[in-house]
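All you need for this note's numbering is the position in the sequence shown, starting with 1, plus 105.
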Amino acid sequence: MDTAQETAQEGGEFGLNMILEAGILSFLGKMLLAIIVFVVLLMIAKAVSASVRNRVVENTVVDDDEYSKKVGDLIGTLTYYTGVVLSMFIGLQIVGFDIGILLGGISVGLGFAFKEVLGNLLAGVLILTTKEFKLGDNIEIQGSNNYFGTIEEITMRYTVLRGLDLRRTVMPNLELITNPVMTFTSEDLLKLNTTVIVGYGTDLDRASQIALEAVNNLEVVKNKDENKTMITNLKDSDFGTNGVEIKVIFHVEPGGDVKGPGGPISQANKAIYNAFIENGINIPYPHTSITVDKNDKNLLGSAMYVINKSRNS
Numbered sequence: 106m107d108t109a110q111e112t113a114q115e116g117g118e119f120g121l122n123m124i125l126e127a128g129i130l131s132f133l134g135k136m137l138l139a140i141i142v143f144v145v146l147l148m149i150a151k152a153v154s155a156s157v158r159n160r161v162v163e164n165t166v167v168d169d170d171e172y173s174k175k176v177g178d179l180i181g182t183l184t185y186y187t188g189v190v191l192s193m194f195i196g197l198q199i200v201g202f203d204i205g206i207l208l209g210g211i212s213v214g215l216g217f218a219f220k221e222v223l224g225n226l227l228a229g230v231l232i233l234t235t236k237e238f239k240l241g242d243n244i245e246i247q248g249s250n251n252y253f254g255t256i257e258e259i260t261m262r263y264t265v266l267r268g269l270d271l272r273r274t275v276m277p278n279l280e281l282i283t284n285p286v287m288t289f290t291s292e293d294l295l296k297l298n299t300t301v302i303v304g305y306g307t308d309l310d311r312a313s314q315i316a317l318e319a320v321n322n323l324e325v326v327k328n329k330d331e332n333k334t335m336i337t338n339l340k341d342s343d344f345g346t347n348g349v350e351i352k353v354i355f356h357v358e359p360g361g362d363v364k365g366p367g368g369p370i371s372q373a374n375k376a377i378y379n380a381f382i383e384n385g386i387n388i389p390y391p392h393t394s395i396t397v398d399k400n401d402k403n404l405l406g407s408a409m410y411v412i413n414k415s416r417n418s
């Protein structure tokens, strides 16, 4: 009886071991097959992405070769990583994982963890494919902090601006998509303006004419017949504190540092200043007028205290 029980027990253990060994061998076989398939698909993805990149570069109709290469690199990289993801999912499917549940968990995790990264990548795709901006463009980003500079580099995640102080600013691509961007080099002509203040009592028609002629005499200024001036702070008797503002509006061709030290705005300011000096037009400085009743000793003393304090500071 004991011998029969021992024989049955040994038979059961042997059968269980056979099942376990068969399961392990089957799992290892699936793992090996999945690895082989994954490696083969990666090689295919790499070859396809290289072919796509070359075709994009060859068929992109733009004058800028650097821009064509960047677009080609972008499309090639996206193609490769798409192939990597598909290869991974196929390999996991071969092993026996439930891809539906896996995709749900991955999508939720990536959505929270890589929200900004994915947003910048998508923005980079839009910038490089729509060609709203390109290398060498002068732009001003009007967000919470304004940035002005020349585009030196555009990648999938960020754009590099070179400012007037020659410092590089690395901007996430999402900033260029979600904020207003003013361009200074993509148009045929730019309409710029500068403002000068003249003192009260100045002949505004004469001052406006002198300022306009000074700007129109610059070589950089175009469309001279369409340039004009306007008074900006004479609305509802709201005069300026120190004088009257005259805004000069003029046109220039795009290119170069528009707001830089040698740019057209700087040249216009210098020309207007010299013209006003030559023609005796006063450019006022900030000042405050105090009127005191000479019979009010307390008020007179307070006024003298303020004057003496301002002189000593």
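Even glycine gets a Cβ: it sits at the ideal position worked out from N, Cα and C.
Quantities reported herein were computed from a predicted structural model and do not represent experimental measurements.
I'd like to check one pair, residue j with residue i: are the Cβ atoms closer than 8 Å?
{"i": "Pro359", "j": "Leu281", "result": "no"}
{"i": "Val303", "j": "Ile388", "result": "yes"}
{"i": "Val349", "j": "Tyr305", "result": "yes"}
{"i": "Ala228", "j": "Leu279", "result": "yes"}
{"i": "Ala139", "j": "Ile199", "result": "yes"}
{"i": "Leu369", "j": "Leu297", "result": "For clarity, residue 369 is Pro in the given sequence; the question names Leu instead. Taking 8 Å as the Cβ cut-off, Pro369 and Leu297 qualify as a contacting pair."}
{"i": "Leu226", "j": "Met193", "result": "no"}
{"i": "Ala155", "j": "Gly181", "result": "yes"}
{"i": "Leu240", "j": "Phe253", "result": "no"}
{"i": "Ala373", "j": "Asn322", "result": "no"}
{"i": "Gly134", "j": "Arg158", "result": "no"}
{"i": "Met276", "j": "Gln247", "result": "no"}
{"i": "Leu317", "j": "Thr334", "result": "yes"}
{"i": "Gly201", "j": "Val142", "result": "no"}
{"i": "Val444", "j": "Lys174", "result": "Residue 444 lies beyond the residue range present for the chain, which begins at 106 and ends at 418; the question has no answer from this structure."}
Got a sec, what are the start and stop residues for the alpha helix (DSSP H) residue i sits in?
{"i": "Ile315", "result": "Leu309 to Asn321"}
{"i": "Ile370", "result": "Pro369 to Glu383"}
What residues match up with residue i in a beta bridge as DSSP calls it?
{"i": "Gln247", "result": "Asn251"}
{"i": "Pro277", "result": "Tyr263"}
{"i": "Val162", "result": "DSSP lists no partner for Val162."}
{"i": "Val286", "result": "Ile246"}
{"i": "Ile388", "result": "Answer is none; Ile388 lacks a bridge partner."}
{"i": "Ile256", "result": "Leu266"}
Which whole-angstrom value is the C-beta distance of residue i and residue j, which I expect to be below 8 Å?
{"i": "Ile137", "j": "Gly188", "result": "Residue identity differs from the one stated: residue 137 is Leu in this sequence, not Ile. Contact doesn't hold; Cβ gap of about 21 Å is too wide."}
{"i": "Val320", "j": "Phe355", "result": "5 Å"}
{"i": "Glu257", "j": "Leu266", "result": "7 Å"}
{"i": "Ile259", "j": "Leu233", "result": "6 Å"}
{"i": "Ile351", "j": "Thr300", "result": "7 Å"}
{"i": "Val326", "j": "Asn332", "result": "7 Å"}
Terminal residues of the continuous beta strand (DSSP E) containing residue i?
{"i": "Lys296", "result": "Leu295 to Val303"}
{"i": "Phe355", "result": "Val349 to Val357"}
{"i": "Lys333", "result": "Lys333 to Ile336"}
Which of helix, strand or coil does DSSP assign to residue i?
{"i": "Ser342", "result": "With a pLDDT of only 45 at Ser342, under 50, the local geometry of the prediction cannot be trusted, and no value is derived from it."}
{"i": "Lys175", "result": "helix"}
{"i": "Lys329", "result": "helix"}
{"i": "Glu324", "result": "coil"}
{"i": "Glu221", "result": "helix"}
{"i": "Leu227", "result": "helix"}
{"i": "Glu115", "result": "Bear in mind that the predicted position of Glu115 carries a pLDDT of just 49, short of 50, making it unreliable; the figure below should be weighed with that in mind. Of the three classes helix, strand and coil, the one that applies to Glu115 here is helix, per DSSP."}
{"i": "Gly241", "result": "coil"}
{"i": "Lys236", "result": "coil"}
{"i": "Leu271", "result": "coil"}
{"i": "Ile188", "result": "For the record, residue 188 in the displayed sequence is Gly; it is not Ile. The answer is helix: DSSP assigns Gly188 an H, G or I state."}
{"i": "Gly306", "result": "coil"}
{"i": "Phe194", "result": "helix"}
Do we get a CB-CB distance below 8 Å when we pair residue i with the residues of chain C?
{"i": "Leu240", "result": "Note that chain C does not occur in the displayed structure, where there is just one protein chain."}
When every heavy atom of the ligand ZN is checked, does at least one fall within less than 7 Å of the C-beta of residue i?
{"i": "Val325", "result": "Inclusion of the ligand ZN in the displayed structure is not the case, the ligand content being empty and no account of it being possible."}
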